[in-house]
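Report on the following structure.
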Amino acid sequence: MSTTTLSRPIAGRGARVRRRATRPGRALLLGVVPVALISTFLVFLMTYLASANPAAQKLGENATPEAIAQLNHTWGLDRGFFEQYVSWLGHALTGDLGASYFTDTSVSEAIGQRLPIDLALTIVAIVTAIVLGFAAGTIAAVRRGGIVDRVVTLVASVLITIPEFWLAIMAVVLFSVTLGWLPSGGWVPFHRDPWLWLQHVLLPGVSLGLTVAAQVARQLRGSLITALEDDYVVGARVRGLSPRRILFGHALRNAAAPAVATVGLAVPTLLGGAVIAESIFGLPGLGQYALNGAQSHDVPVIQGVLVATIAIVLISNVVVDALLSRLRPATRKA
Numbered sequence: 075m076s077t078t079t080l081s082r083p084i085a086g087r088g089a090r091v092r093r094r095a096t097r098p099g100r101a102l103l104l105g106v107v108p109v110a111l112i113s114t115f116l117v118f119l120m121t122y123l124a125s126a127n128p129a130a131q132k133l134g135e136n137a138t139p140e141a142i143a144q145l146n147h148t149w150g151l152d153r154g155f156f157e158q159y160v161s162w163l164g165h166a167l168t169g170d171l172g173a174s175y176f177t178d179t180s181v182s183e184a185i186g187q188r189l190p191i192d193l194a195l196t197i198v199a200i201v202t203a204i205v206l207g208f209a210a211g212t213i214a215a216v217r218r219g220g221i222v223d224r225v226v227t228l229v230a231s232v233l234i235t236i237p238e239f240w241l242a243i244m245a246v247v248l249f250s251v252t253l254g255w256l257p258s259g260g261w262v263p264f265h266r267d268p269w270l271w272l273q274h275v276l277l278p279g280v281s282l283g284l285t286v287a288a289q290v291a292r293q294l295r296g297s298l299i300t301a302l303e304d305d306y307v308v309g310a311r312v313r314g315l316s317p318r319r320i321l322f323g324h325a326l327r328n329a330a331a332p333a334v335a336t337v338g339l340a341v342p343t344l345l346g347g348a349v350i351a352e353s354i355f356g357l358p359g360l361g362q363y364a365l366n367g368a369q370s371h372d373v374p375v376i377q378g379v380l381v382a383t384i385a386i387v388l389i390s391n392v393v394v395d396a397l398l399s400r401l402r403p404a405t406r407k408a
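See below:
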């Protein structure tokens, strides 16, 4: 009798724990799916409302109206908006983003070839922002009011105001032209030569990440100073905990959440800055692909690049939310 009596509450508590554990994932899924659908709808709507006629552009000035109408029918552009959108969305969900109007090449394959370049730039920029930003912000907070704090604050304020393209050009002049340490442009795939890949991706990636590192340093400095003055830190000092343990085991974990959120919010900016970096360093990434598609009004290319960018941003938001939940367990109740 006692065994049965004890087992039921335990099973009930376990079921409640499992239900609570699945709620964040379910809520996150319910938030991501509508955003993805709305974003793809807006992308398709913008390209649908464009005044350019791709069929007329491809056939040239001597094309007859009958030939233009026939090509529009072949591409399905003579159908209604919602019919086109549903058809396009159905194919996009299976990974089929159509073919370029002017080169007849698969947009999905072209994005797959160029996406590793943008991902590499973004990852290097994020690593740069985290390493430099957290190191500078932590040192400035621990030595607040001193010369190190003032230098970090000054450098961070200057970096935030400098455009990324100017930093990239100065990096080329210093590290490529003057010192000759790194190549000034070009691209080598990782599978071909990892060391050359790192040399080609380091300069543009770090150039993109410096501005974000400055933002992270300023954000972390302010939140860490506040955390070091909280009551739980004072109590930890009274109990005799070492300053290192207080800083890294307690204060930094609570103060890191705003800085991590800053990195997550910077991902769209980094993807946009990759377009400039690709132009300066001669990288065949998504930015150049999208720019060429926009100049020629290649609708499938524009749609495909925007969808890929939306997917990257949504994935980064999911990762940031997961990290924030780990750093601040109390936010799981929100």
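Heads up: the sequence shown runs through residues 75 to 408, numbered per the numbering used here. All C-beta atoms, glycine included, are put in the ideal place defined by N, C-alpha and C.
Considering residue i, what are the terminal residues of the alpha helix (DSSP H) in which it resides?
i           : result
residue 312 : 305 to 312
residue 292 : 268 to 302
residue 165 : 155 to 167
residue 202 : 181 to 216
residue 240 : 238 to 245
residue 149 : 139 to 149
residue 227 : 221 to 235
residue 133 : 128 to 133
residue 317 : 317 to 320
Rounded to a whole number of angstroms, what is the C-alpha to C-alpha distance between residue i and residue j?
i           : j           : result
residue 319 : residue 302 : 12 angstroms
residue 358 : residue 288 : 28 angstroms
residue 348 : residue 153 : 36 angstroms
residue 330 : residue 233 : 21 angstroms
residue 158 : residue 400 : 42 angstroms
residue 190 : residue 393 : 19 angstroms
residue 150 : residue 128 : 12 angstroms
residue 250 : residue 257 : 6 angstroms
residue 116 : residue 160 : 13 angstroms
residue 175 : residue 298 : 53 angstroms
residue 95  : residue 285 : Bear in mind that a pLDDT of 42 at residue 95, under 50, signals an unreliable position, so the number given afterwards is only what the model happens to contain. Cα-Cα distance, rounded: 37 angstroms.
residue 209 : residue 135 : 60 angstroms
residue 215 : residue 227 : 10 angstroms
residue 120 : residue 238 : 28 angstroms
residue 156 : residue 283 : 40 angstroms
residue 406 : residue 325 : The predicted position of residue 406 is uncertain, since its pLDDT is 45 and thus under 50; a value taken from the coordinates is nonetheless stated next. Spanning the two alpha carbons is a distance of roughly 19 angstroms.
residue 363 : residue 192 : 11 angstroms
residue 372 : residue 122 : 12 angstroms
residue 213 : residue 188 : 38 angstroms
residue 98  : residue 197 : Only weak support is given to the placement of residue 98: the predicted model assigns it a pLDDT of 49, under 50, and the question is left unresolved by the model.
residue 404 : residue 365 : Below a pLDDT of 50, predicted positions are generally treated as unreliable, and residue 404, at 46, falls in that range; the measurement from the model is reported next regardless. Cα to Cα, residue 404 sits roughly 44 angstroms from residue 365.
residue 317 : residue 108 : 46 angstroms
residue 304 : residue 223 : 20 angstroms
residue 140 : residue 386 : 41 angstroms
residue 147 : residue 106 : 34 angstroms
Find out if the Cβ-Cβ distance for the pair residue i, residue j is shorter than 8 angstroms.
i           : j           : result
residue 235 : residue 290 : no
residue 199 : residue 344 : yes
residue 456 : residue 114 : A question about residue 456 goes unanswered here, because the residues of the chain that appear run from 75 up to 408.
residue 171 : residue 378 : yes
residue 207 : residue 333 : yes
residue 351 : residue 263 : no
residue 163 : residue 145 : no
residue 243 : residue 354 : yes
residue 295 : residue 211 : yes
residue 110 : residue 384 : yes
residue 261 : residue 274 : yes
residue 390 : residue 338 : yes
residue 281 : residue 245 : yes
residue 180 : residue 169 : no
residue 143 : residue 137 : no
residue 346 : residue 259 : no
residue 194 : residue 292 : no
Where does residue i land, buried or exposed, given buried means 16+ other C-beta within 10 angstroms?
i           : result
residue 306 : exposed
residue 178 : exposed
residue 265 : exposed
residue 217 : exposed
residue 248 : exposed
residue 360 : buried
residue 436 : The chain is shown only over 75 to 408; residue 436 falls outside these bounds and no answer can be derived.
residue 267 : exposed
residue 185 : buried
residue 253 : exposed
residue 241 : buried
residue 167 : exposed
residue 112 : exposed
residue 203 : buried
residue 396 : exposed
residue 118 : buried
residue 80  : Model confidence at residue 80 stands at a pLDDT of 41, short of 50, so the residue's coordinates are unreliable; what they give is reported in the following sentence. Exposed is the call here.
With hydrogens ignored, establish whether the beta-carbon of residue i is closer than 7 angstroms to any heavy atom of the ligand MG.
i           : result
residue 323 : By its list of ligands, the structure shown contains no ligand whatsoever, and the ligand MG lies outside what it can speak to.
Does the beta carbon of residue i come closer than 8 angstroms to any beta carbon on chain C?
i           : result
residue 330 : The structure shown contains no chain C; it holds only a single protein chain.
Query raised in the report: Which ranges does the alpha helix (DSSP H) cover as unbroken runs of at least 4 residues, wholly within the stretch 335 to 384, from first to last along the chain?
Result: 341 to 355 and 360 to 369
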